[in-house]
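Undergrad: Per the working numbering, numbering of the sequence shown is gapless, rising by one per residue and ending at 189. Even glycine gets a Cβ: it sits at the ideal position worked out from N, Cα and C. The structure presented is a predicted model; accordingly, all values stated were derived computationally and were not measured.
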Amino acid sequence: MSDQQHIDKQHIDQVLAGNTDVFAEIVNAYKNQVAGVCFNMLKDAHLAEEVGQETFIRLFKSLAQYNYKSTLGTYITRIAINLSLNKLDSIKRRQNRFQEQTKTHHSFVANEDRADVKMENAELVQLALNSLKPEARSVVVLRMIEGYSVTETSEILGIAEGTVMSKLNRAMKKMKETLNRNEKNNG
């Protein structure tokens with residue numbers, strides 16, 4: 003067990019013994035990290051806040067089952083990623099239901115002419131990121147935006163390091179294709 007894991011164990015033992023002040027310290031220590039991960043996954047401040055709060059509720063409820071195989075920070079980030087993926091799945095299901103209802107009520111939806119709309123580079127990158135499946139997006143968010151190492155990303159997502167690298171490679175290629183396609187359409 004690493005030094006950080008020993009410190010984490012001491013904190014968790016105190017929380018499990020009823021010391022809520024220590025849990026508040028854990029929340030303060032990790033709230034910015036969780037907020038960043040959730041926002042980068044969901045791209046909506048309100049949803050990110052909601053999932054961030056749920057992350058700490060889930061953490062509190064699961065502390066007794068925490069196995070110390072990874073640091074507490076990795077464990078918390080894994081919870082945040084999983085809850086973000088669940089939220090994205092829920093949003094997608096709602097969107098699919100809405101689209102099916104719309105198809106039922108409308109036989110034709112006009113496609114707006116967007117040739118005159120110029121996007122900033124950040125918006126194009128965000129568009130490319132949003133075009134990725136949630137699993138691929140989580141790898142890009144953790145590695146490229148949050149700066150986690152391949153090993154840390156592997157631990158957080160519960161996948162092999164080689165899988166992290168291959169998913170990142172495929173995701174970056176897809177993002178590049180999306181950016182190139184948008185550049186041609188807008189240029």
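Quick check: what's the CA-CA separation for residue 163 versus residue 30?
TA: Counted from its first residue, the sequence shown places residue 163 at position 161. Counted from its first residue, the sequence shown places residue 30 at position 28. C-alpha separation (whole angstroms): 30 Å.
Undergrad: So, do the region 56-69 and the region 146-160 have three or more beta carbon pairs nearer to each other than 8 Å?
TA: no
Undergrad: Is it buried or exposed, residue 10, if we count other Cβ atoms within 10 angstroms and call 16 or more buried?
TA: Stepping through the sequence shown from its first residue, residue 10 is reached at position 8. Classification of residue 10: buried, given that the 10 Å Cβ count is 16 or more.
Undergrad: Quick one: measure Cβ to Cβ for residue 82 and residue 53, integer angstroms, because I've assumed they're closer than 8 Å.
TA: Within the sequence shown, numbered from 1, the residue matching residue 82 stands at position 80. Within the sequence shown, numbered from 1, the residue matching residue 53 stands at position 51. Contact holds; Cβ gap of about 7 Å.
Undergrad: Should residue 77 be listed as close to the ligand FMN, given that the test is whether its C-beta is under 7 Å from any heavy atom?
TA: Among the components of this structure there are no ligands whatsoever, and the ligand FMN is therefore not found.
Undergrad: Between residue 138 and residue 172, which are expected to be in contact by the criterion C-beta below 8 Å, what is the C-beta distance as a whole number of angstroms?
TA: By 1-based counting over the sequence shown, the position of residue 138 is 136. By 1-based counting over the sequence shown, the position of residue 172 is 170. Their Cβ separation, rounded to whole angstroms, is 7 Å, which keeps residue 138 and residue 172 in contact under 8 Å.
Undergrad: Residue 65 and residue 17 look like a contact to me (Cβ under 8 Å); what is the Cβ gap, rounded to whole Å?
TA: Your numbering for residue 65 matches position 63 in the sequence shown. Your numbering for residue 17 matches position 15 in the sequence shown. Correct: roughly 6 Å between the Cβ atoms.
Undergrad: Report all residues from its chain with a CB closer than 7 Å to the CB of residue 149; omit the five preceding and five following residues, and keep chain order.
TA: The residue given as residue 149 occupies position 147 in the sequence shown. Nothing meets the Cβ criterion.
Undergrad: Could you give the distance in angstroms between the alpha-carbon of residue 132 and the alpha-carbon of residue 12?
TA: By one-based count along the sequence shown, residue 132 stands at place 130. By one-based count along the sequence shown, residue 12 stands at place 10. The alpha-carbon atoms of residue 132 and residue 12 are separated by roughly 39 Å.
Undergrad: When you compare each of 19, 74, 67, 68 to residue 28 by their alpha carbons, which one comes out closest?
TA: Translated into the one-based positions of the sequence shown, residue 28 becomes position 26. Looking at the Cα atoms, 74 is the closest of the given residues.
Undergrad: Looking only at C-alpha atoms, which of 70, 21, 36 sits nearest to residue 7?
TA: For the purposes of this step, residue 7 is taken as residue 5 along the sequence shown, with counting starting at 1. The shortest C-alpha separation from residue 7 is found at 70.
Undergrad: Is the CB-CB distance between residue 142 and residue 166 below 8 Å?
TA: Taking the sequence shown and counting its residues from 1, one reaches residue 142 at position 140. Taking the sequence shown and counting its residues from 1, one reaches residue 166 at position 164. No; because the gap between Cβ atoms is not below 8 Å, this pair is not in contact.
Undergrad: Going by beta carbon distance, what residues of the same chain come within less than 7 Å of residue 72, once the five residues before and after it are set aside?
TA: For this step, residue 72 is matched to residue 70 along the sequence shown. 157, listed in sequence order.
Undergrad: For residue 153, is the classification buried or exposed, using 16 other Cβ atoms within 10 angstroms of its Cβ as the cut-off for buried?
TA: By 1-based counting over the sequence shown, the position of residue 153 is 151. Exposed.
Undergrad: Taking residue 64 as part of the alpha helix (DSSP H), name the residues at either end of that continuous run.
TA: Looking up residue 64 in the sequence shown gives position 62. Looking at the DSSP string, the run of the alpha helix (DSSP H) that includes residue 64 is 47-64.
Undergrad: Report the rounded CA-to-CA distance for residue 45 versus residue 37, giving the unit in angstroms.
TA: Within the sequence shown, the letter at position 43 stands for residue 45. Within the sequence shown, the letter at position 35 stands for residue 37. Spanning the two alpha carbons is a distance of roughly 11 Å.
Undergrad: Just verifying my parser: in three-state terms, what is the DSSP assignment at residue 137?
TA: Taking the sequence shown and counting its residues from 1, one reaches residue 137 at position 135. Correct three-state label for residue 137: helix.
Undergrad: Measure the alpha-carbon distance for residue 125 versus residue 35 and round it to whole angstroms.
TA: Reading the sequence shown from its first residue, position 123 is the one you call residue 125. Reading the sequence shown from its first residue, position 33 is the one you call residue 35. So the alpha carbons of these two residues sit roughly 23 Å apart.
Undergrad: How about residue 136 and residue 90: are their beta carbons less than 8 Å apart?
TA: Indexing the sequence shown from 1 puts residue 136 at position 134. Indexing the sequence shown from 1 puts residue 90 at position 88. Yes, Cβ-Cβ distance for residue 136 and residue 90 is below 8 Å.
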